[in-house]
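Structure record follows, encoded as structure tokens.
There are 2 protein chains.
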Amino acid sequence: MLSIVKLPVSTEWLLHCATSLAQLEPGATASAAQLADYYDLPAPYLAKQLQALVRAGVLSATTGPRGGFRLARAASEITLLQIVEAVDGASTPYECREIRRQGRGALPPEECRSICVLAEKMAGAHRAWRASLAGVSLADILAELPAHAPERTRSRLTGRT
Amino acid sequence: MLSIVKLPVSTEWLLHCATSLAQLEPGATASAAQLADYYDLPAPYLAKQLQALVRAGVLSATTGPRGGFRLARAASEITLLQIVEAVDGASTPYECREIRRQGRGALPPEECRSICVLAEKMAGAHRAWRASLAGVSLADILAELPAHAPERTRSRLTGRT
DNA sequence: CGTATCTCGGACTAAATAGATCCGCAATAT
DNA sequence: ATATTGCGGATCTATTTAGTCCGAGATACG
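If you read the protein sequences in the order shown, they are chains A and B.
Residue numbering for the first sequence follows this note's numbering, beginning at -14 and increasing consecutively.
Residue numbering for the second sequence follows this note's numbering, beginning at -14 and increasing consecutively.
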């Protein structure tokens, strides 16, 4: 279950990775190996998850030497929701299977024209969750970090200032 | 995922079962077998899930002939959140593992006194989700059903009017 | 008051999904 | 030309979910 019931660990990884990439100078990149080293994470698995962010259009990647990942657009235009849904999908946690139409208690079709009341309430909760995450951009996150954080991140992540 | 990311099928089952139990006359019960027949669900597995609601204090069960399940309190005092969290746990979907303190980029302890900014934003989204579900009671659900629904449910579920 | 029956309760077993890893291919800058 | 990097597929393992079973306890009836 948002058993949800539980988000995978990689969600935390990618939120932090995106935050770090947002602190690089415009155009600069960091490789999957550098990010894995920066957070002490298993490099192969992290690389695979980063690809999901590229497919979702949140990051852009360049291959070859001195290649790596960078934000695909300005930090103010990337929300936490986009990152989270890129990692573990945008599907609704609660999936209505219309059990109201099965069994002895099956409702007549005319009462099933509109969406099930319970499904509607669950969908409303999901909308509230999404709206909360959609209201926070990476720029908002950076604004809450200490002033010296970006330079330190650049130094430790890419080895350059 | 809440993995979320995906909620188990039983969540839908129990939301509907609780709604049906809320339509019975005060004190009346319905057995697991009756509920399973009413929705055409596997009886043993449904019984197992109903026990979770009993443990959570949402339902109360009586054994013996003519026993079964009933609401543990008034429908207006049972929220969708209580049901959902009884089924698949009340844990936060996003679990912060403090990767900010690991690897080359490990932050000094004095910067980790307060909660990680990303974890706080994710927790805020979860609070929004919970608040949405906590604002809907079973009585609210019943109010949106057709006027003739309760009598029909009683008839088909327990065989009595 | 005893007995038989009906109910919940928890333990146990399979199946599916997600987590995690590895290896070969394509692309690019040096 | 070579080395480095991302990309995708195939694979293996582990956790969760789905489903089943049998025993303990309580109630109603004789």
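Note that CB positions come from ideal geometry on N, CA and C, so glycine has one too.
These numbers come from a predicted model, not from an experiment.
Chain A contact residues for residue i, given Cβ-Cβ distances below 9 angstroms
i: K33 of chain B; result: Per Cβ cutoff of 9 angstroms: no residues; K33 of chain B is ~16 angstroms from chain A at best.
i: L142 of chain B; result: R89 and G90
i: P94 of chain B; result: The premise fails here: P94 of chain B is roughly 14 angstroms from chain A at the closest Cβ pair, so nothing lies under 9 angstroms.
i: T4 of chain B; result: V102 and L103
i: L154 of chain B; result: A question about residue 154 of chain B goes unanswered here, because the residues of chain B that appear run from -14 up to 146.
i: L44 of chain B; result: Here the premise fails: no neighbours, minimum Cβ distance about 17 angstroms.
CB-CB length for residue i against residue j, believed under 8 angstroms
i: A59 of chain A; j: V43 of chain A; result: Incorrect: roughly 12 angstroms between the Cβ atoms, too far for contact.
i: T14 of chain B; j: T64 of chain B; result: About 22 angstroms; that fails the 8 angstroms criterion.
i: K106 of chain B; j: V121 of chain A; result: 5 angstroms
i: C81 of chain B; j: E129 of chain A; result: C81 of chain B to E129 of chain A, Cβ: 15 angstroms. No contact.
i: S84 of chain B; j: Y24 of chain A; result: According to the sequence shown, residue 84 of chain B is Ile rather than Ser. With a Cβ gap of about 5 angstroms, I84 of chain B and Y24 of chain A count as contacting.
i: L142 of chain A; j: Q19 of chain A; result: 6 angstroms
Check whether residue i and residue j have beta carbons under 8 angstroms apart
i: D22 of chain B; j: R98 of chain A; result: no
i: V72 of chain B; j: A37 of chain B; result: yes
i: G118 of chain A; j: A3 of chain B; result: Looking at the sequence shown, residue 118 of chain A is not Gly but Leu. Going by C-beta atoms, L118 of chain A is not nearer than 8 angstroms to A3 of chain B.
i: K55 of chain A; j: L(-1) of chain A; result: Correcting the residue type first, residue 55 of chain A is Arg in the shown sequence and not Lys. No, they are not a contact pair.
i: L123 of chain B; j: A28 of chain B; result: no
i: S5 of chain A; j: T138 of chain A; result: yes
i: S16 of chain A; j: G52 of chain A; result: yes
i: P135 of chain A; j: K(-9) of chain B; result: no
i: L92 of chain A; j: H1 of chain B; result: no
i: A113 of chain A; j: A113 of chain B; result: yes
i: E96 of chain A; j: P50 of chain B; result: no
Interface residues of chain B facing residue i [CB-CB closer than 9 angstroms]
i: I126 of chain A; result: V102, L103 and K106
Partner residues on chain B for residue i, Cβ-Cβ distance less than 7 angstroms
i: A110 of chain A; result: W114, S117 and L118
i: V121 of chain A; result: K106
i: L9 of chain A; result: Simply none; closest approach about 13 angstroms.
i: S16 of chain A; result: Under the 7 angstroms cutoff, chain B gives no residues; its nearest Cβ is about 13 angstroms from S16 of chain A.
Chain-ordered chain B contacts of residue i [CB-CB under 8 angstroms]
i: R139 of chain A; result: Under the 8 angstroms cutoff, chain B gives no residues; its nearest Cβ is about 11 angstroms from R139 of chain A.
Neighbour list for residue i in chain A, Cβ cutoff strictly below 8 angstroms
i: H1 of chain B; result: I84, R85 and L103
i: E129 of chain B; result: V102
Residues that residue i contacts on chain A, provided the C-beta gap is smaller than 7 angstroms
i: G88 of chain B; result: D22, Y23, Y24 and D25
Distance cut-off 7 angstroms: residue i Cβ against heavy atoms of the ligand NAD
i: L65 of chain A; result: Among the components of this structure there are no ligands whatsoever, and the ligand NAD is therefore not found.
### Contact residues within the stretch 52 to 67 of chain B, judged by C-beta distance below 8 angstroms to chain A
L65
### Query
Whole alpha helix (DSSP H) runs in the stretch 15 to 67 of chain A with 4 or more residues, listed along the chain?
17 to 24 and 28 to 40
### Task
Please list the segments of the alpha helix (DSSP H) lying wholly inside the stretch 67 to 145 of chain A, counting only runs of 4 or more residues, in order along the chain.
102 to 119, 123 to 128 and 134 to 143
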